[in-house]
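K.L.:
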Amino acid sequence: MKTKMIFCIILLVTASTAGCLGFLEDDKEVICEVLPAGHEDDGKLRIISYDVLALSDSMVEQFTNETGYEVEFIKEDDAGGILDQMMLTKNAQQADLMIGLDNTYLQTAIENCLLQETGFTSNDNYQNISSSALEPYSGPLAIPFDQGPVCLNYDEDFVDEDNVTAPTSLWDLTSEVWKGKAAFPSPVTSSPGRSFMVATIDYFENDEDDTTNAFDWWRAMAQNDAIFTSGWTEAYETHYTGGYGEYTTGHIGDAHITVSYCQSPGVEAYYAENYTHSTSLVLPKATIQQVEYTGIINGAANVPAAELFIEYLLSPEINAQMPENNLMYPVLEGYELPETNGYRYHSDLPTENSDIEIERINDNMDSWLSQWQSATE
Amino acid sequence: MCGFIALTLTPLVYAIARLESVTGMSSITAIGGFFNGKSTLNALEFTILEATLSTLFTVVVGLPLAWALGRYNWSRIKLLRAILAVPFVTPSIIVAMGFLMLIDSPGPLTAIGIDLRLETGLIGELASATGWSNPGHLIALITAHVWFNISLVVRFIEPTLSTMNRTWEDQLRLLPGGHSWLSRLRNLWLPVLGPATLCAASLCFVFSFTSFALVRWLTPNQDTLETLMAKSGGSAGIYGYRIDTSEIVLSTSLVQLLILSIAIITAAAIQRKHSSMHATISESLSKSSSQMPTRPAKITILAGLLFAITPMLMVVIASFRVRNSGSTDTEFTNSAWLEAWSGDYSTTPIPEALSNSLVYCLITLAVALPTGWIISSCIARLERENRLKTAQLVEFGTMIPLALSAVMIGLGILLGLLKWSPNLFNWAFIPAIPHIIITTPFVIRILLPAIRSLDVTYYEQAMMLGLGPLKAWWHGKAAFLRAPLVVAGALTMAFSLGEFGASWVLIRSGSWDTLSVLIDQLMSQPKFNPLIQPMAMAAATVLMVLTFTLFFIAEKFRDNSEGSGF
Chain A
130 MKTKMIFCII LLVTASTAGC LGFLEDDKEV ICEVLPAGHE DDGKLRIISY
180 DVLALSDSMV EQFTNETGYE VEFIKEDDAG GILDQMMLTK NAQQADLMIG
230 LDNTYLQTAI ENCLLQETGF TSNDNYQNIS SSALEPYSGP LAIPFDQGPV
280 CLNYDEDFVD EDNVTAPTSL WDLTSEVWKG KAAFPSPVTS SPGRSFMVAT
330 IDYFENDEDD TTNAFDWWRA MAQNDAIFTS GWTEAYETHY TGGYGEYTTG
380 HIGDAHITVS YCQSPGVEAY YAENYTHSTS LVLPKATIQQ VEYTGIINGA
430 ANVPAAELFI EYLLSPEINA QMPENNLMYP VLEGYELPET NGYRYHSDLP
480 TENSDIEIER INDNMDSWLS QWQSATE
Chain B
51 MCGFIALTLT PLVYAIARLE SVTGMSSITA IGGFFNGKST LNALEFTILE
101 ATLSTLFTVV VGLPLAWALG RYNWSRIKLL RAILAVPFVT PSIIVAMGFL
151 MLIDSPGPLT AIGIDLRLET GLIGELASAT GWSNPGHLIA LITAHVWFNI
201 SLVVRFIEPT LSTMNRTWED QLRLLPGGHS WLSRLRNLWL PVLGPATLCA
251 ASLCFVFSFT SFALVRWLTP NQDTLETLMA KSGGSAGIYG YRIDTSEIVL
301 STSLVQLLIL SIAIITAAAI QRKHSSMHAT ISESLSKSSS QMPTRPAKIT
351 ILAGLLFAIT PMLMVVIASF RVRNSGSTDT EFTNSAWLEA WSGDYSTTPI
401 PEALSNSLVY CLITLAVALP TGWIISSCIA RLERENRLKT AQLVEFGTMI
451 PLALSAVMIG LGILLGLLKW SPNLFNWAFI PAIPHIIITT PFVIRILLPA
501 IRSLDVTYYE QAMMLGLGPL KAWWHGKAAF LRAPLVVAGA LTMAFSLGEF
551 GASWVLIRSG SWDTLSVLID QLMSQPKFNP LIQPMAMAAA TVLMVLTFTL
601 FFIAEKFRDN SEGSGF
């Protein structure tokens with residue numbers, strides 16, 4: 130009887146139900162037009178974002194005081210989580226505004242009609258957005274609000290004390306001296322990890338060796354015992370020896386190089402009274418400009434409030450706070466990293482960023498991720 | 051009853067149907083594909099290894115504790131039981147934080163040469179000598195699982211010992227089959243304690259198998275089936291996008307469901323057998339013939355108490371310890387508490403998260419307790435009517451949530467809402483649904499034995515005396531179940547307070563962040579700012595105090611003769 134019971138229940142839940150529940154296939158259709166509101170307009174502004182540090186309570190309160198719109202956040206883990214959620218709720222969007230998709234995810238959102246046009250492109254502050262922020266995308270569907278170059282960070286103490294030469298090529302990291310000492314957030318689950326993988330594709334397409342590509346390098350890194358983590362936090366905080374992780378609980382400290390932002394050493398110094406032993410590796414084409422966007426969701430119920438929040442986010446008063454509050458560069462011209470505690474001094478600028486078009490990123494991402502997984506398995 | 055089973059199974063059927071549709075493969079094909087993937091096989095291998103070792107060590111550590119507690123006459127037995135049982139209701143994210151503090155360098159364990167995190171010294175030598183990758187991480191995980199599950203062993207075995215007629219052993223000593231300790235072990239202890247031990251072991255296996263927060267934080271280089279699904283779960287179920295993740299979630303959840311179903315059925319079968327074997331005399335009668343605790347018994351209990359308390363103390367200490375910028379030096383200050391209380395750094399203030407947590411756990415209580423009561427009454431009635439097979443089937447059905455992956459529950463609820471009522475999507479009470487699904491089986495486990503032993507004639511007599519249905523119900527039934535109801539209610543609230551695994555797939559409204567969500571958010575933030583981690587520990591301390599308060603209330607009402615209440 131028990132065996133029959135188990136069998137029946139397992140059969141119930143695992144039976145081949147594909148096709149039986151036709152409604153589940155509804156959102157296979159792609160219709161590129163402005164969709165009706167996916168939720169009721171109750172006067173609130175609903176924002177889907179990751180835990181954007183700049184969106185503090187006081188900032189949101191100020192917006193509410195100025196505009197009268199209450200704000201409610203739908204929080205996801207990261208940029209990938211935002212896209213996943215928007216894709217999953219495509220025909221019944223539950224937010225009005227998206228904040229946090231970056232240039233490696235944006236095109237997928239655009240091609241899936243997840244965003245609608247904003248009128249912010251005719252705003253004066255739009256004209257003040259830097260060319261580097263508008264380079265990946267400058268259309269009306271998404272507005273950049275912060276940016277920063279993703280690059281490798283390494284521990285200067287390891288290089289100095291062990292007489293190791295700082296890498297001059299990514300291939301150097303496949304040598305014995307870096308064996309088991311590099312930590313990479315997975316491009317499958319991490320936004321900076323994904324950006325860096327894209328950078329490596331451009332890097333190896335433009336190096337002198339035509340016989341190898343990025344995935345040969347990733348394979349060599351895996352064979353050199355590189356550490357792969359699910360997210361930036363695990364790679365930087367748990368494994369990397371050069372960052373603040375060494376002072377936190379659970380630190381392992383087995384990696385002397387990892388993926389982060391070129392301004393991360395500056396952030397370290399900012400919070401540690403101008404002290405850091407982390408520095409960035411700004412090899413040409415091994416860095417990539419990550420631009421984060423905000424955009425009105427196709428299916429938003431409160432478009433006017435979303436427009437106002439974009440204006441607010443891109444106002445000089447708020448955007449200038451990005452370095453302190455979100456640890457990223459502002460996008461408005463004339464605003465820089467602060468000099469306090471060596472923030473700007475320790476933030477290296479890339480020599481030449483990787484420049485893969487976002488359309489190409491979108492077209493190839495699935496294939497790249499699959500190749501990356503095969504190479505690093 | 052059908053409603054609860056539907057509430058449990060509907061999300062699962064939704065999730066499976068959607069994943070099959072997205073991947074274009076049947077569940078059977080997906081299970082076949084599971085065994086062709088390197089990452090899935092590695093995760094399965096590690097999950098079985100850690101769950102098996104955790105189970106073995108939990109029994110090895112828990113048995114002496116249960117023995118010492120059950121065989122001797124302790125003056126503060128309720129307090130001892132409560133402290134040893136508290137780990138089981140401690141939110142897993144707090145356990146993870148406590149153990150990270152414990153194994154940290156410098157920390158209490160590294161001070162005695164055991165470095166489980168950086169794997170230097172003895173552990174490093176072990177790794178080099180055996181070629182075993184990250185033995186320290188696995189040892190830390192198993193130790194944390196032992197800590198978490200130890201109360202299962204104590205809860206299941208100690209009542210058997212404390213209610214056993216002591217004269218059995220004396221009589222057996224006089225017989226040929228009881229002369230040596232080995233023969234007494236074979237002829238007395240194994241038959242008496244074996245089923246309870248196996249039952250506890252089965253549940254230890256289930257909880258270690260599905261452990262998420264502990265694996266995530268303590269073994270960062272390894273995946274279990276649960277963490278593998280969690281990583282892929284976000285992008286699963288979307289047409290034409292990251293189909294590989296849908297394949298992983300579909301195949302992995304099905305394999306997990308199969309394995310856990312077997313473990314849970316085993317546990318249920320053993321528990322049924324076990325329940326007919328013990329409780330031969332009352333505990334007070336048994337204790338009257340017990341000795342005062344011996345020195346080894348005192349040492350065992352003291353070690354158990356230290357083991358239970360230390361990780362929790364570490365969390366409290368960590369909430370006051372703030373590192374100085376750019377150095378390993380720390381200072382003790384209440385600044386993190388002040389920041390966490392006021393809610394800076396884009397996080398919800400503790401008082402707001404606390405009130406949200408309380409609202410969710412009260413909703414969960416309001417639904418799970420009556421649901422559990424109704425289902426338990428139904429099972430008991432089926433048994434009284436001698437419809438045993440149906441009763442067993444229903445009982446198994448109510449335990450299904452224990453075998454389900456949090457990812458599948460969350461994904462299924464999300465898909466169901468999208469189909470039937472998208473406007474409910476942002477309804478702040480939606481996250482209570484997984485809480486109800488997860489806590490109801492525990493309510494049933496606690497109420498069922500009490501309802502089984504309820505004499506139905508009391509209710510009939512109350513009716514005959516002319517009391518109205520409500521009064522008859524109160525005087526004939528509810529009054530006799532007051533203690534188990536309080537126990538079930540307090541535990542339901544404690545579990546609801548600590549749960550966040552199932553909720554993460556669901557959209558969370560920022561203004562409704564609970565304490566456990568707040569802890570996770572803080573721990574996931576970049577910690578350039580030295581206050582972030584102590585702030586998380588401050589929130590964890592509040593959650594811990596709240597959970598313990600509820601648990602001690604439950605212990606106060608727990609009937610001494612009913613120890614195995616999980």
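Listed in order, the protein sequences are those of chains A and B. Using our numbering, read the first sequence as starting at 130 and increasing by one per residue. Using our numbering, read the second sequence as starting at 51 and increasing by one per residue. For every residue, glycine included, the Cβ atom is placed at its ideal position computed from N, Cα and C.
Name the chain B residues whose beta carbon is nearer than 7 angstroms to that of A:Glu397?
P.N.:
Correct list: Phe578.
K.L.:
On the DSSP bridge list, what partners appear for A:Asp284?
P.N.:
A:Ser407.
K.L.:
I want to verify the contact list: residues of chain A whose CB lies under 7 angstroms from the CB of B:Tyr291, in sequence order.
P.N.:
Correct list: Met216.
K.L.:
Given that A:Leu230 touches chain B, what residues does it touch there, using C-beta distances under 9 angstroms?
P.N.:
Here the premise fails: no neighbours, minimum Cβ distance about 14 angstroms.
K.L.:
Mind checking B:His229: buried by the 16 CB within 10 Å criterion, or exposed?
P.N.:
B:His229 is exposed by the Cβ-count criterion.
K.L.:
Taking 8 angstroms as the threshold (C-beta atoms), are B:Val204 and B:Leu308 in contact?
P.N.:
It is not a contact, given that the beta carbons lie outside the stated cut-off.
K.L.:
Quick one: residues in its chain with C-beta nearer than 6 angstroms to the C-beta of A:Tyr255, no 5 flanking neighbours on either side, listed in chain order?
P.N.:
So the qualifying residues of the chain are Phe249.
K.L.:
What separation, rounded to the nearest whole angstrom, lies between the Cα atoms of B:Val196 and B:Ala161?
P.N.:
The straight-line gap from Cα to Cα measures roughly 22 angstroms.
K.L.:
Should B:Trp124 go down as buried or exposed, given a rule of 16 or more other Cβ atoms within 10 Å for buried?
P.N.:
Under this definition B:Trp124 is a buried residue.
K.L.:
Count the other CB atoms, across all protein chains shown, that sit within 10 Å of the CB of A:Glu169; report buried if there are 16 or more and exposed otherwise.
P.N.:
Flag for A:Glu169 reads exposed.
K.L.:
Can you tell me which of the three DSSP states B:Glu169 falls into?
P.N.:
Note: B:Glu169 maps to coil in three-state DSSP.
K.L.:
In chain order, what residues of the same chain lie with their CB nearer than 7 angstroms to the CB of B:Phe598, ignoring the 5 residues before and after it?
P.N.:
So the list reads Val136, once near-sequence residues are dropped.
K.L.:
Whose C-alpha, out of A:Gly372, A:Ile272, A:Asn232, is nearest the C-alpha of A:Gly424?
P.N.:
Comparing Cα-Cα distances from A:Gly424 to each of A:Gly372, A:Ile272, A:Asn232, the minimum goes to A:Ile272.
K.L.:
For B:Leu596, which residues from the same chain have a beta carbon less than 7 angstroms from its beta carbon, with the 5 sequence-adjacent residues on both sides left out?
P.N.:
Leu547.
K.L.:
Within the same chain, show all residues whose beta-carbon is closer than 7 angstroms to that of A:Ile138, passing over the 5 residues directly before and after it, in chain order.
P.N.:
Model confidence at A:Ile138 stands at a pLDDT of 46, short of 50, so the residue's coordinates are unreliable; what they give is reported in the following sentence. Correct list: empty, nothing qualifies.
K.L.:
Within 8 angstroms (strictly less), CB to CB, does B:Ala368 reach chain A?
P.N.:
Chain A contact via Cβ: present.
K.L.:
Counting only runs of 3+ residues fully inside the segment 385 to 470 of chain A, write out the beta strand (DSSP E) ranges in chain order.
P.N.:
Listed in chain order, the complete beta strand (DSSP E) runs (minimum 3 residues) inside the segment 385 to 470 of chain A are 386 to 390, 407 to 410, 416 to 426.
K.L.:
Please determine if the segment 425 to 432 of chain A and the segment 448 to 460 of chain A are in contact, where contact requires at least 3 C-beta pairs separated by less than 8 angstroms.
P.N.:
In short, these stretches do not touch, since the Cβ pair count stays below three.
K.L.:
The segment 368 to 393 of chain A: which residues have C-beta closer than 7 angstroms to a C-beta of chain B, in chain order?
P.N.:
Correct list: Tyr373, Tyr376, Thr377, Thr378, Gly379, Ile381, Gly382.
K.L.:
Could you give the residue range of the alpha helix (DSSP H) that holds B:Ser405?
P.N.:
Here the alpha helix (DSSP H) through B:Ser405 covers 400 to 434.
K.L.:
Going by DSSP in three states, A:Asn482 sits in which element: helix, strand or coil?
P.N.:
Three-state result, A:Asn482: strand.
K.L.:
Report the residue from A:Asp207, A:His368, A:Tyr373, A:Glu366 whose alpha carbon sits nearest the alpha carbon of A:Ser320.
P.N.:
Checking every option, the nearest Cα to that of A:Ser320 belongs to A:Asp207.
K.L.:
Could you check the C-alpha separation between B:Ala194 and B:Ala146 for me, to the nearest Å?
P.N.:
Using only the alpha carbons, I get a separation of about 8 angstroms.
K.L.:
Does the beta-carbon of B:Asp563 have 16 or more other beta-carbons within 10 angstroms, so that it is buried, or is it exposed?
P.N.:
Under this definition B:Asp563 is a buried residue.
K.L.:
If you measure from the beta carbon of A:Glu506 to each beta carbon in chain B, is any gap under 8 angstroms?
P.N.:
Yes, because at least one Cβ of chain B sits closer than 8 angstroms to the Cβ of A:Glu506.
K.L.:
On the criterion of 16 or more Cβ atoms from any shown chain inside 10 Å, does A:Pro314 qualify as buried, or is it exposed?
P.N.:
Buried.
K.L.:
Which residues in chain D have a C-beta closer than 7 angstroms to the C-beta of A:Glu421? List them in chain order.
P.N.:
Annotation note: the requested chain D is absent from the structure, which comprises protein chains A and B.
K.L.:
Let's see if you can read the secondary structure: which residues bound the alpha helix (DSSP H) around B:Lys439?
P.N.:
Its alpha helix (DSSP H) spans residues 438 to 449.
K.L.:
So B:Arg167 contacts chain A; which residues on that side make the cut at Cβ distance below 8 angstroms?
P.N.:
Those within 8 angstroms of B:Arg167 in chain A are Gly379, His380, Ile381.
K.L.:
Indicate the three-state DSSP secondary structure (helix, strand or coil) for A:Gln245 in the structure shown.
P.N.:
Reduced to three states, the DSSP call for A:Gln245 is strand.
K.L.:
Suppose you measure from the CA of B:Ile55 to the CA of B:Leu465; what does that come to, to the nearest Å?
P.N.:
Answer to the nearest angstrom: the Cα atoms are 18 angstroms apart.
K.L.:
Can you give me the C-alpha to C-alpha distance between A:Ala364 and A:Gly209, rounded to a whole angstrom?
P.N.:
Rounded to the nearest angstrom, the two C-alpha atoms are 17 angstroms apart.
K.L.:
What residue from B:Arg434, B:Phe149, B:Gly120 has the CA that sits closest to B:Leu504's CA?
P.N.:
Checking every option, the nearest Cα to that of B:Leu504 belongs to B:Arg434.
K.L.:
How about B:Arg345: is its C-beta nearer than 8 angstroms to some C-beta of chain A?
P.N.:
Not one chain A Cβ lies under 8 angstroms of B:Arg345.
K.L.:
Chain A partners of B:Leu373, CB-CB under 9 angstroms?
P.N.:
It is worth fixing the name first, because residue 373 of chain B is Arg in this sequence and not Leu. Those within 9 angstroms of B:Arg373 in chain A are Tyr373, Tyr376, Thr377.
K.L.:
Tell me which residues of the segment 219 to 247 of chain A have at least one Cβ-Cβ distance to chain B shorter than 7 angstroms, keeping chain order.
P.N.:
From the segment 219 to 247 of chain A, only Ala221, Gln223 have a Cβ closer than 7 angstroms to chain B.
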